[in-house]
Amino acid sequence: MVSKRDRELLRDNIRSRGPKLSATDRENIVKPYLPDPSELPRWPPQRRKKLPRKTPIRTFIKSQIHLITYTFLHIFFGIAVRLVQTYHAVVDRILAIIYYHHRTPELIQKDVKDLDRLPEHLSVILSIRKEDDALPLLMDEVAELVSWTASAGIPVLSVYEKSGTLKSCIPVLHEVITNKLSSYFGSSQQPTLQLFAPHHPIYETRPHGDAPNNCLIVLLLSATDGQETFVDLTKTLAEMSQNGKLSPEDITMELVDAEISEITTQPFQEDSLAAERGKAGSIQIPPQVKPEPDLLLIFGPSLKLNGYPPWHIRLTEMYCTGVNGDGTTGCSDNVEYQGFLRGLWHYAGAQMRFGR
Amino acid sequence: MHLSKLRNWFLASPPIEYAISKLRDLLVGAIKQGPVPQHIAFIMDGNRRFARTHGIETVEGHNLGFEALARILEVCYRSGVQVVTIYAFSIENFKRSKFEVDALMEMARVKLSQMAQHGEILDRYGAKVRVLGRLDLLRPDVLAAVDRAVDMTKNNGDRVLNICFPYTSRDEITSAIRDTVSEYSKPLRSTHSSSSLPRTPFSEDHITQNIRSRTTNGKLEDSSNESDSVSESSTLGEDDGQKPPDRNHVYKSESALSSAATLHLPDQPTKGQTRESTGSEPPVFKSPETITRQTLADHLLTRDNPPLDLLIRTSGVERLSDFMLWQCHENTEIAFLDILWPEFDLWQFLPVLLRWQRRVSKARQNPDAEGNFDGEFQDPSDDSREELVVSSAAKPKSL
Numbered sequence: 001m002v003s004k005r006d007r008e009l010l011r012d013n014i015r016s017r018g019p020k021l022s023a024t025d026r027e028n029i030v031k032p033y034l035p036d037p038s039e040l041p042r043w044p045p046q047r048r049k050k051l052p053r054k055t056p057i058r059t060f061i062k063s064q065i066h067l068i069t070y071t072f073l074h075i076f077f078g079i080a081v082r083l084v085q086t087y088h089a090v091v092d093r094i095l096a097i098i099y100y101h102h103r104t105p106e107l108i109q110k111d112v113k114d115l116d117r118l119p120e121h122l123s124v125i126l127s128i129r130k131e132d133d134a135l136p137l138l139m140d141e142v143a144e145l146v147s148w149t150a151s152a153g154i155p156v157l158s159v160y161e162k163s164g165t166l167k168s169c170i171p172v173l174h175e176v177i178t179n180k181l182s183s184y185f186g187s188s189q190q191p192t193l194q195l196f197a198p199h200h201p202i203y204e205t206r207p208h209g210d211a212p213n214n215c216l217i218v219l220l221l222s223a224t225d226g227q228e229t230f231v232d233l234t235k236t237l238a239e240m241s242q243n244g245k246l247s248p249e250d251i252t253m254e255l256v257d258a259e260i261s262e263i264t265t266q267p268f269q270e271d272s273l274a275a276e277r278g279k280a281g282s283i284q285i286p287p288q289v290k291p292e293p294d295l296l297l298i299f300g301p302s303l304k305l306n307g308y309p310p311w312h313i314r315l316t317e318m319y320c321t322g323v324n325g326d327g328t329t330g331c332s333d334n335v336e337y338q339g340f341l342r343g344l345w346h347y348a349g350a351q352m353r354f355g356r
Numbered sequence: 001m002h003l004s005k006l007r008n009w010f011l012a013s014p015p016i017e018y019a020i021s022k023l024r025d026l027l028v029g030a031i032k033q034g035p036v037p038q039h040i041a042f043i044m045d046g047n048r049r050f051a052r053t054h055g056i057e058t059v060e061g062h063n064l065g066f067e068a069l070a071r072i073l074e075v076c077y078r079s080g081v082q083v084v085t086i087y088a089f090s091i092e093n094f095k096r097s098k099f100e101v102d103a104l105m106e107m108a109r110v111k112l113s114q115m116a117q118h119g120e121i122l123d124r125y126g127a128k129v130r131v132l133g134r135l136d137l138l139r140p141d142v143l144a145a146v147d148r149a150v151d152m153t154k155n156n157g158d159r160v161l162n163i164c165f166p167y168t169s170r171d172e173i174t175s176a177i178r179d180t181v182s183e184y185s186k187p188l189r190s191t192h193s194s195s196s197l198p199r200t201p202f203s204e205d206h207i208t209q210n211i212r213s214r215t216t217n218g219k220l221e222d223s224s225n226e227s228d229s230v231s232e233s234s235t236l237g238e239d240d241g242q243k244p245p246d247r248n249h250v251y252k253s254e255s256a257l258s259s260a261a262t263l264h265l266p267d268q269p270t271k272g273q274t275r276e277s278t279g280s281e282p283p284v285f286k287s288p289e290t291i292t293r294q295t296l297a298d299h300l301l302t303r304d305n306p307p308l309d310l311l312i313r314t315s316g317v318e319r320l321s322d323f324m325l326w327q328c329h330e331n332t333e334i335a336f337l338d339i340l341w342p343e344f345d346l347w348q349f350l351p352v353l354l355r356w357q358r359r360v361s362k363a364r365q366n367p368d369a370e371g372n373f374d375g376e377f378q379d380p381s382d383d384s385r386e387e388l389v390v391s392s393a394a395k396p397k398s399l
């Protein structure tokens, strides 16, 4: 740490913008703060002989002191972390009691009504657990999330799960979500659901009554939609370039952006499905998804992206629901309504409120 | 007001200052005892807001931010971090007021040229400065200072400071793709394909003959499949284990068709001409199928650096703002701190480091606990590839 007097000297020098201190002056100021060259792991060999050998006992004691400090630091930090975790867990429970959706969209709407802004595109990162019934649990979580999102009036939800197992069972998932939605909304005013994944056909409900009240788009993502997409794009571009159809200079950010966005926003149109939908005469094809999520909710203990597609998150707000999921607490619910709500509050810049 | 003055005076008094610096040394030494992140990135946000709230000029705020950077760099390098990447200036920042942009440029120029004056100290402590980003957008005098500083320190040791100067991550990814494409569209020499390989376990001629004899027998489908897997295994090397299995299949069937076509009509130029297995055509390219994530990563600006372990953004804004999107998307711990950058110091940095150490040592104790999915994810494609190689290796022996 540079002492105050020296700091002022250096600052004065910057302020005056003149060559008040020469290079050697500055060096002289800084020199006492530089670590001893002998402490460095690699010093030039010619210096080695000149340096007096340090007493081994002193270095030993020093390293022992550091080790002890390290241990104590981590013990205390661990205690602090536990305390904070407990505090958060208590707050979570209280919030979970105060705010519960009771499977009523009106309640959810009331919870989000006062928020200044809502994300237009919400994205969540889920992780699959290791148990046997992990997949049904995961699908149930997705269904709950879809219902909350629909109730809150957010038009687009993308669900990221690293391994991509969700993609392999889209029809089943669709059924699960539809059931869940009907338990929330009742069968009459269920929102239209469009479920799709990149390179998969779009899966859609037929609205029961007329006047589809609101439409919800759910996008499933996995690790292959991340960096692998760029690899595929590069392969295609390289092939085109090798065949002389494109020169490398043509590759601009706009081109890449358009291509990458297309993969995640334009669902793969299967002819039969498209024709069928044409007969039905619905208007919302192709669904226009805003490719950049506004809010990324991470249901997990730490803020890690775990292979989430990199291109679109540059301006995404991230929020980690944190705390639980340590594996030790045995708490099976990672995805909870209050976590979802906290994320939305956070996005709107609101504070946690205990009372209604 | 008086209290804070008193506090400042107290903190600036020599014994306290000495004690604090000793305490810092102790803490840094203690951190060194555990696992230390190898690569940390900082988004230095909040200089302007700090200046606004403290009633000083914006430029002054940036100067204080520079001091904070120096403090943090000291902590990082002394505790054993290899690479520190800082987000100094975004391409988008050119849209700010001209006055501020000019001031920032001036500051960068002055700092870099001052640094160049201390070449000897830099040499002794072995820090290497690199500037990442679109250097072509810089003013010529700034560019000269950048070049000088980078040039002077390029031979230094293992500690690296990456300054992302006019940088956005999207731009970086795009240029990585562009560079990869232009590398792959350079024709290779015709002999290159065989001589550059470390070993070619199978002779291509033999296999071609082999297939031709088999295709005349009518077993077109599986024999050409094998030829393809042989050519793949002999040309690709070991590095494509990350391909998902479905891609593998698509590619296989497609090129099986093309190679079968070339085998049947050897005189005609077909669409398989770019493949190395039919290397008789004049322009021979590296096969685009050999592009992997690693290839792209090797063309990024951070190619020589260890993977990003920790990304810290100050000022409470919780976005990446187009910084290190590619690098931080896998296993990086992202920390958003609700503090302005000029106030950032060891005391705020320490909890982040400790949390990281805690998590890493926990993950080392039981690797199954969380987030260790990579192995499982890569396995299927590896296995299928191995199977293919084994089956194709078994074929020639049986003949």
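Going down the list, the sequences are from chains P and S.
Quick note: the first sequence, position 124, residue 124 per UniProt numbering, numbers continuous.
Quick note: the second sequence, position 186, residue 186 per UniProt numbering, numbers continuous.
Just so it is clear, CB atoms sit at the ideal spot from N, CA and C, and this is done for glycine as well.
Query	Result
S:Ile-211 versus S:Val-284: straight-line alpha-carbon distance, rounded	22 Å
Beta-carbon separation (whole angstroms), S:Ala-116 vs S:Arg-148, contact threshold 8 Å	5 Å
Where the beta strand (DSSP E) through P:Asn-306 begins and ends	From DSSP, P:Asn-306 is part of no beta strand (DSSP E); its letter is neither H nor E.
P:Glu-204 in three-state terms, based on DSSP	strand
Contact with chain P by S:Leu-3, beta-carbon distance below 8 Å	no
Cα-Cα separation, S:Pro-15 to S:Leu-6	15 Å
DSSP state of S:Lys-128 mapped onto helix, strand, coil	strand
Beta-carbon proximity list for S:Ser-169, same chain, < 7 Å, skipping 5 on both sides	Asp-322, Phe-323, Met-324, Leu-325, Trp-326
Buried versus exposed, by CB contacts within 10 Å (16 or more), residue 357 of chain P	Residue 357 of chain P falls outside the range modelled here, since chain P spans only 1 to 356, and no answer is possible.
Test: P:Ser-241 CB closer than 8 Å to a CB of chain S	yes
Enclosing beta strand (DSSP E) for S:Met-115 [first to last residue]	It is not in any beta strand (DSSP E) - S:Met-115 instead sits in the alpha helix (DSSP H) that spans 98-117.
Interface residues of chain P facing S:Gln-33 [CB-CB closer than 7 Å]	His-66, Leu-67, Tyr-70
Beta-bridge pairing of P:Met-318 - partner residues as DSSP gives them	P:Leu-296
Close beta carbons around P:Glu-317, own chain, < 6 Å, minus the five adjacent residues each side	Leu-295, Tyr-347
Buried versus exposed, by CB contacts within 10 Å (16 or more), S:Asn-248	Only weak support exists for where S:Asn-248 lies, its pLDDT of 42 falling under 50; the value from the coordinates is given anyway. Result: buried.
Range covered by the alpha helix (DSSP H) that runs through S:Glu-172	169-184
Pick from S:Phe-10, S:Glu-289, S:Val-101 that is closest to P:Lys-235, judged by C-alpha positions	S:Glu-289
Contact list for P:Tyr-308 against chain S, beta-carbon separation under 7 Å	His-329
Validate contact between the stretch 224-241 of chain P and the stretch 123-133 of chain P using beta carbons, cut 8 Å, 3 pairs	no
Range of the contiguous alpha helix (DSSP H) that encloses P:Ala-223	Looking at the DSSP string, P:Ala-223 is not in any alpha helix (DSSP H), and its letter there is neither H nor E.
Closer than 8 Å at the beta carbon, the chain S residues around P:Val-231	Ile-291, Thr-292, Arg-293, Thr-295, Leu-296
Bridge-paired residues (DSSP) for P:Tyr-160	P:Ile-125, P:Leu-221
Among P:Thr-55, P:Tyr-99, P:Phe-77, P:Gln-64, nearest to P:Trp-345 - alpha-carbon criterion	P:Tyr-99
For S:Leu-310 and S:Asn-331, the rounded distance between their alpha carbons	9 Å
Below-8 Å beta-carbon distance, S:Tyr-87 vs any chain P residue	no
8 Å Cβ cutoff, P:Leu-73 in contact with chain S	yes
DSSP bridge partner residues for P:Ala-134 (one or two, in chain order)	The partner list for P:Ala-134 (beta bridge, DSSP) is empty, contrary to what the question assumes.
Every unbroken beta strand (DSSP E) inside the stretch 13-44 of chain S [3 residues or more]	39-43
C-beta contact flag for S:Met-44 and S:Ile-86 at 8 Å	yes
Cβ shell of S:Met-107 (< 8 Å), same chain only, five flanking positions each side left out	Val-59, His-62, Asn-63, Phe-66
Proximity test, S:Met-115 beta-carbon vs the ligand ATP heavy atom, cut-off 7 Å	The ligand ATP is not part of the structure shown, which contains no ligands of any sort.
Residue span of the beta strand (DSSP E) that contains S:Ile-86, given as start and end	83-87
Interface flag, S:Ser-79 vs chain P, CB-CB below 8 Å	no
Proximity of S:His-299 and S:Asp-179 at Cβ, strictly below 8 Å	yes
Test item: CB-CB of P:Gly-343 and P:Leu-303 under 8 Å	no
Environment of S:Asn-8 [buried if 16+ CB atoms lie within 10 Å]	exposed
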